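Order-wise, the sequence lines are chains R and D. Heads up, the first sequence is in our numbering, so the first residue is 119 and it goes up one at a time. Heads up, the second sequence is in our numbering, so the first residue is 119 and it goes up one at a time. Yeah, the Cβ is synthetic: ideal placement off N, Cα and C, and Gly gets one too. Computed from a prediction, not measured in an experiment: that's the story for all the values here. Data block below; observations after.
2 protein chains.
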Amino acid sequence: MTDGTAGWLPLSAGERSVAIEVLVHGPLSRTELARRLGLSAGSLTRLTKPLIESGLLVEVPEAGAPAETRQGRPSQPLDVVADSGFFLGFKITEDTVYGVVTTLRSHIVARHDRPLTTHDPAEVADVLAEMTAELAKEHPRLAGIGIGVGGFVQDRAVVGESPFLLWRDVPLADLVEERTGLPVVVENDVAALVEAETWFGAGRGLDRFVVLTIGAGLGYGLVLGGKRVPFAEEDRGFGRHWIVDSNGPLTPDGRRGSAVSLLTIPSIRYQVRAATGIDRGYEEILALAAAGDPMPARVVDEAARALGTLVAQISNFVMPQKILLAGEGVGLMDVAGKTVEETVRDLRHPLAAPVGLETKVSDFHDWARGAAVLAIKVLVLGSAEA
Amino acid sequence: MTDGTAGWLPLSAGERSVAIEVLVHGPLSRTELARRLGLSAGSLTRLTKPLIESGLLVEVPEAGAPAETRQGRPSQPLDVVADSGFFLGFKITEDTVYGVVTTLRSHIVARHDRPLTTHDPAEVADVLAEMTAELAKEHPRLAGIGIGVGGFVQDRAVVGESPFLLWRDVPLADLVEERTGLPVVVENDVAALVEAETWFGAGRGLDRFVVLTIGAGLGYGLVLGGKRVPFAEEDRGFGRHWIVDSNGPLTPDGRRGSAVSLLTIPSIRYQVRAATGIDRGYEEILALAAAGDPMPARVVDEAARALGTLVAQISNFVMPQKILLAGEGVGLMDVAGKTVEETVRDLRHPLAAPVGLETKVSDFHDWARGAAVLAIKVLVLGSAEA
DNA sequence: GGACTTACTTTTGGTGCGAAACAATTGCTG
DNA sequence: CAGCAATTGTTTCGCACCAAAAGTAAGTCC
């Protein structure tokens, strides 16, 4: 089952950089690669040869721009053999396991979800193995599995602590490897999403990059020099102590006026419920706010200001080239993006370099995709460093 | 005059790392260097040979621990020839030029200040040349000059814009090189201080490091991966838009409740003057606050909380290994350090890794030393990258 | 069809490194 | 004091990697 991957490892530093560049930036000719990587043309011949022989790269006919006919010998673009291997990504939540199959390029080619009725580690591993078997029917050439879990993960293998699963020191990678025979990488869900975006998404090629996720909680990821910076508190809830407005609302989660109290979906729903007595869904609240209903509008406006304040603070102190907003709560940007941007502008030095703010509409399959990307990173390229 | 430096450049990457390690961490044996740099013993022989031949390094008798007599061949520590060259550092303020002479190790061996009665570029360059001549009497082996200026500096040579000197596009490096015959490096004062601390000071060997200076204004420096991150606004005043407390005081500088309004020396003096009608010095205000005088105590307390808030925000978003407080306003920490630390703790996640907060008592000669270090960095090691 | 342009390959030589053998210098032991 | 162990530093060799230059391939332009 792992035949396709046998010849991949190990890659030298030069080969790895070539493989990553092609993987991330699509078909590229050797000359173009030499330019991008700062290497000579000769080196590219040398570096690409083993990659082509091992089956990771192929020469493709010519890019989709045959109209642009230049003089001289036509270039010979190289591309990854996208279907030389598929990767599985799982995201485990309290009540559901979301699964995706992706290509080497991290394109999702299949989805499959399953309710989770137990939190017993062995039974969860059984569920994952069953889902793997099911997905393997359609895509037999599976090369590895990535699993994203909310919680503290050690060595990309052991779930050290997960509050919502009530796990402690569960060797999840081993459990799933035993059952599937595939190599498994386990990581914190936010960390996996951040790494995926750093590679294939909004953070591609950036030196300083921040990911902020809004959902049931807040997530924060910082990438410096292409590497994610680990935070001690990252898996026990960001933002509970980020006091944005000391006069802000008090909610069950987080401190008064904290980012969590102002921004997360449960806190926003709680505020509306506490004020009106009606339990409304998040999207419903956004729609009401957009329509001008005063109470939801006030809550949403406050949330937008809080988000703007956070973005400004991050910009002021980290100066990332881009900040990516992701998670199920980014609908806020559609309704109140203008307020967010105004707040950011107000709290930044007028001469400061503007920071790109990007919103990514995302569902749970994106988290699973993030886990799959981490598996690609570790298993194909033999290293987590980029 | 530059004989001693003739053979230094250029250094290969390996040689440079050896030179820096010895320069920064004192006498080290080849074996110890191999361990620290992750190189083989043989490479160290190769790399150290040209450095010794060029006179930058020497074998020194043995460290000050002859008691610790181990078995085997005794190690042969290498050290920089500290007096093989001296470096000049200048800090130009509105009314004074502060000058220091340092060794290669950045130890200050002489100081000399001069009032500045004119801001005419040529005359300022004359003053610098005269000070250089004077200091050269005692220390003839001058190898280079570093100059720190508040303002925007381009290419480490040209003062693009300096508000307090009313300069624009002044080729200061050229002007001083003409008059002294020495190589000159010009840099923004905060940037120079940050680089100096990154090398020889509190930031030695750290990956993520922040410098916050408090004085007439605020300065902020971010070092990631050993490299300083350039900020577009850095030379036009940090902190004017960092709103710490929207109900805070309104002062002539900065926005209401901004870090500048709460923390800088002029703002603190302004607040006390506005409330009491008496114009008091900064140190005097700190002393009164410590003694319990209500009005100064309130202003100082508010400043301490503001500082704590900033430190917490920086910690939360950047997660530096250390934050260094420097500048003429750090006396605040002596009087209200406890308040600062409490505020930081209050605004950090309880599980978050603690951030080292270090205070550096500094006067203007430290700024001059920073400029000298930058000259060492550029002139001796042939590169600003570490 | 010849001149030209661009892409890629091959060859050559240099650099920097580690591995391993070797030399040097001490302490320890009988 | 001779011999051994321990440790540091040196020399030699070979490998991995790269750039430069020369050569080859495959197209366009006139």
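For His230(D), there is no enclosing alpha helix (DSSP H); the enclosing beta strand (DSSP E) covers residues Ile226 to Pro233. Taking all protein chains shown into account, Thr214(R) has fewer than 16 neighbouring C-beta atoms within 10 Å of its C-beta and is therefore exposed.
The beta-carbon distance between Gly207(R) and Gly269(R), rounded to whole angstroms, is 17 Å. This is too long to meet the 8 Å contact definition. Annotation: Cβ neighbours of Arg358(R) in chain D (cutoff 7 Å, chain order): His467. Flagged as an interface residue toward chain D: Ile361(R), by a C-beta distance shorter than 8 Å. The three-state secondary structure of Asn365(D), taken from DSSP, is coil. No Cβ of chain D is located within less than 8 Å of the beta carbon of Ala200(R).
At the C-beta level, Leu442(R) and Val288(R) stay beyond 8 Å of one another.
For Glu351(R), the nearest beta carbon of chain D is closer than 8 Å to its own beta carbon. Only buried fits Asn434(D), as 16 or more other CB atoms lie within 10 angstroms of its CB.
Judged by DSSP in its simplified three-state form, Ile396(D) adopts coil rather than helix or strand. In this structure, the beta-carbon distance from Val390(D) to Ser376(D) does not fall below 8 Å. Glu171(R) counts as exposed, since fewer than 16 other C-beta atoms from the protein chains shown sit within 10 angstroms of its C-beta. For Glu402(D), the secondary structure class from DSSP, reduced to helix, strand or coil, is helix. Thr220(D) has Phe205(D) and Ile226(D) as its beta-bridge partners, per DSSP.
For the region 423-461 of chain R, the continuous beta strand (DSSP E) assignments of 3+ residues that do not extend past its boundaries occur at 440-444, in sequence order.
Where Ile138(D) is concerned, the enclosing alpha helix (DSSP H) starts and stops at Ala131 to His143. Interface criterion not met: the Cβ of Leu380(D) is under 8 Å from no Cβ in chain R. Positions of the beta strand (DSSP E) runs, each at least 3 residues long and wholly inside the region 270-343 of chain R, are given as 270-272, 276-280, 285-288, 302-306, 326-332 and 336-342 in order along the chain. Taking C-beta separations shorter than 6 Å and ignoring five residues to either side along the sequence, the partners of Pro438(D) in its chain run Arg326, Phe327 and Val328, following chain order. Per the coordinates, the alpha-carbon of Ala350(R) lies some 10 Å from the alpha-carbon of Phe356(R). Interface annotation for the region 426-438 of chain R against chain D: Gln431, Ile432, Asn434, Phe435, Val436 and Met437, criterion Cβ-Cβ distance under 7 Å.
In the pairwise beta carbon analysis, the region 142-160 of chain D is classified as not touching the region 484-492 of chain D: fewer than three pairs are separated by under 8 Å. For the region 324-342 of chain R, residues whose beta-carbon sits nearer than 9 Å to a beta-carbon of chain D comprise Asp325, Arg326, Val328, Tyr338, Leu340 and Leu342. In this structure, Val178(D) lies away from Pro192(D), with their beta-carbon atoms at least 8 Å apart. The beta carbon of Val347(R) sits closer than 8 Å to some beta carbon of chain D. Note that the C-beta distance between His237(D) and Leu284(D) is below 8 Å. Neighbourhood of Arg354(D) in chain R, by CB distance below 8 Å: His467 and Leu469, in chain order.
Leaving aside the five residues that flank Val312(R) on each side, the residues in its chain whose CB is nearer than 6 Å to its CB run, in chain order, Val329, Gly339 and Arg346. Judged by DSSP in its simplified three-state form, Lys255(R) adopts helix.
A straight-line Cα-Cα distance of about 45 Å links Val378(D) and Arg153(D). Around the Cβ of Ile383(D), a 10 Å sphere holds 16 or more other Cβ atoms; the residue is buried.
In the structure shown, the three-state DSSP call for Gly500(D) is coil. According to the DSSP secondary-structure assignment, Gly262(D) is paired through a beta bridge with Phe205(D). By the Cβ criterion, the region 230-248 of chain D is in contact with the region 294-302 of chain D, since at least three pairs of Cβ atoms, one from each stretch, lie closer than 8 Å.
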